[in-house]
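Letter by letter, the sequence shown follows residues 497 to 882 in our numbering. Below is one structure, written out as structure tokens; comments come after it.
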Amino acid sequence: MFDALRPQAPDMILRLMQMFRDDPRGGKVDLGVGVYRDATGRTPVMRAVREAGRRMWAAEETKVYTAMPGDPAFLDAMRRLVLGPDTGAAIATPGGTGALRQAFELIRLARPDATIWLPDPTWPNHPALISAVGLRQATYRYFDTATGGLDVDGMMADLERVAAGDVILLHGCCHNPTGADLRPAHWAHVARILAHRGALPLIDMAYQGFGEGVEDDALPTRRLVTQVPEALIAASCSKNFGIYRERTGVLIATGGGDVVQDNLTALNRLAYSFPPDHGARLVATVLTSADLEADWRAELDGIRRGMVALREALAVALRAECRSDRFGFVAEHRGMFSRLGLSPAEVEALRDRHGIYMLGDSRMNVAGLTADTVPVLARAIAQVTA
Ligand code: LMR
């Protein structure tokens, strides 16, 4: 049996994490995996999450199963956080990846011949999950490497080709890997295309709070779901609550009636029976306690502002070191990532000569920088691109 197995394609993000761990050099800089780090290089437990854990520990009297779709308090809180009003079918999932997997499973049940349209580029796990589920996929143009901005004309032209019943995957904010986000006018254009092509949006919301703010990051999604009859939203709590290892996410479906909830609940049962509850309960505790929610929003916004400041400092340092505006887009991008537009050889030189790790497509995690490493990175980029 097992001799029939073939090795799996390596996951580049996980491989880079291992290479960084194995590098014995002292001053190495990790700009690889999308994890927030503070000025001391730690990924802290957020204050409100720590306090929620204390309160939960004191109040919890049982570990018996919750509901098959997940704890109703968590689902209500997440619908409110993402959509504003707490409507729509929803299930708790293990992380944002779990939510995406369940979204693709639901699409397969509803419309197995649908094509899922992905932005080019996108998070590498998107195409991998779609292949695993056995759905068809295609890409639409999204990013212009030459300018570091969007390829709006290419994107809209490609989306005009989607068929009725196809699914368009959109990053709700903080596009991974490029950092280039759609503007309100682009979202409006996408909504018109979705409506007249009869396609369904699947919004991946993995970084709510890291772009323009918790509320502002959700606005395009909130608007879009009112403009189309049906939508899917996969949201992750890994980054904005800093609970990466707890595996906490939610899949929300708007439109479609009770049969959607029924199918989502069945998908949970088939995949893992009841969804994990610990992280979901932490999130629900934060979002249903006024003091904790206010503190969580304040801490997250501080993190967001710190990352915007790092972007601005890096853009200034790069302008000085490279004597050009080539990397000015770094200050415009939002979220954890920017794709710098370096060649694979330049990315390798950064790693080999300077101990600076970023993905092979030159995606860097801004949150891996500190005030001290910004000039180090700018100098290294100037050297490898000279
Ligand atoms: C990333 O893109 O680095 C994160 O989403 C982590 C992951 O699981 O890939």
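Cβ coordinates follow ideal geometry from the N, Cα and C atoms, glycine included.
Reduced DSSP secondary structure (H/G/I, E/B, other) of Met860: Here Met860 sits in strand by DSSP.
Proximal residues to Arg793 (C-beta, below 7 Å), its chain only, five neighbours per side dropped: If we look at Arg793 and ignore the five residues flanking it on each side, its Cβ neighbours are Val710.
Range of the contiguous beta strand (DSSP E) that encloses Asp616: DSSP places Asp616 inside the beta strand (DSSP E), whose first and last residues are 611-616.
Limits of the unbroken alpha helix (DSSP H) element including His667: First-last for His667: 663-667, but that is the beta strand (DSSP E), not the alpha helix (DSSP H).
Rounded Cβ spacing between Leu655 and Tyr638 (contact assumed at less than 8 Å): At roughly 10 Å, the Cβ-Cβ gap does not stay under 8 Å, so Leu655 and Tyr638 are not in contact.
Cβ neighbours of Gly856 in the same chain (closer than 7 Å, five flanking residues each side left out): If we look at Gly856 and ignore the five residues flanking it on each side, its Cβ neighbours are Met508, Pro840, Val843.
Gly751 vs Glu726 beta-carbon contact at 8 Å: It is a contact, given that the beta carbons lie within the stated cut-off.
Status (buried if at least 16 other CB within 10 Å, exposed otherwise) for Tyr561: By the 10 Å Cβ count, Tyr561 comes out exposed.
Gly530 beta carbon near ligand 1 (any heavy atom closer than 7 Å): Checking the Cβ of Gly530 against ligand 1 gives yes.
Expected contact under 8 Å - CB spacing of Tyr703 and Lys735 to nearest Å: Confirmed, about 6 Å.
Cutoff 7 Å; reference Ala811; Cβ partners in own chain excluding five residues on either side: If you ignore the 5 residues before and after Ala811, its C-beta comes within less than 7 Å of the C-beta of Phe823, Gly824, Val826, Ala827, all in its own chain and listed in chain order.
Beta-carbon spacing of Glu566, Arg743 below 8 Å: Glu is not the amino acid found at residue 566; the sequence shown has Gly there. Contact: no.
heavy atom of ligand 1 below 7 Å from Ile739 C-beta: Not so, every heavy atom of ligand 1 lies at least 7 Å from the Cβ.
Where Pro506 sits in the DSSP three-state scheme: Coil, per DSSP.
The stretch 525-541 / the stretch 861-881 touching (three or more Cβ pairs under 8 Å): Touching, yes.
Helix, strand or coil at Met513 according to DSSP, with G and I counted as helix: Helix, per DSSP.
Inter-residue spacing [alpha-carbon to alpha-carbon] between Leu625 and Ile729: In this structure, the CA atom of Leu625 is about 16 Å from the CA atom of Ile729.
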